Structures are given as structure tokens and as C-alpha cells.
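Take the position in the sequence shown, starting the count at 1, then add 18; the result is the number in my numbering. Written out below as C-alpha cells is the structure these notes cover.
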Amino acid sequence: MQLSTSNALLLASLLALINAPGLIGHGSVVGGGIARTIECNQSLARSLELDEHLKRRPGEPPNKPAPDNGPFILA
């Protein structure tokens, strides 16, 4: 997942507006939440792509359920 140029500029301008008081010395700087959100979205996208890739992998049979041993319990 990559940000397009327009989305990156929008995000940068939003961060600049939110952090303007902190950057000039009158308040605190905010941005960790947005960074964590972007990181989480990228992690989810990578996981979903990997899952789709593994599902479509040729040459391997799908996972089979565990064999049923009938009425006997093996311990």
C-alpha cells in the first residue's frame, strides 16, 4: 500500500495545521497516532496480500482436517 501524491500532500498539510501551535512553541506536537494508523494499515495490507498469495500457491493441496478416529480416544 502506497500513498498517492495528493493523499501524501493532504496528510502533510493536515499534520502541519494540527501541529502549528506546537511547532511555534505554544503546545504539544501530535502525530504519533497518525503514524501508528499508517503503520497498522500497511501491516494489514501486507498480511492480506501474503494470505492471498499463500491461498493461490500452486502445487500444494489445501489443508485437510484431522483424521477422525471414531469412538476411540487415543491418549
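The beta carbon of each residue, even a glycine, is placed where N, CA and C say it ideally should be. Because the structure is a prediction, the values reported are computed rather than measured.
In this structure, DSSP gives ILE42 a state outside helix and strand, which the three-state scheme calls coil.
Counted as a single uninterrupted DSSP element, the stretch harbouring LEU21 is not any alpha helix (DSSP H), since DSSP gives it neither H nor E. When the Cα atoms are used, GLY43 and ASN37 turn out to be separated by approximately 10 Å.
For LEU62 and LEU35, the gap between their C-alpha atoms comes out near 28 Å.
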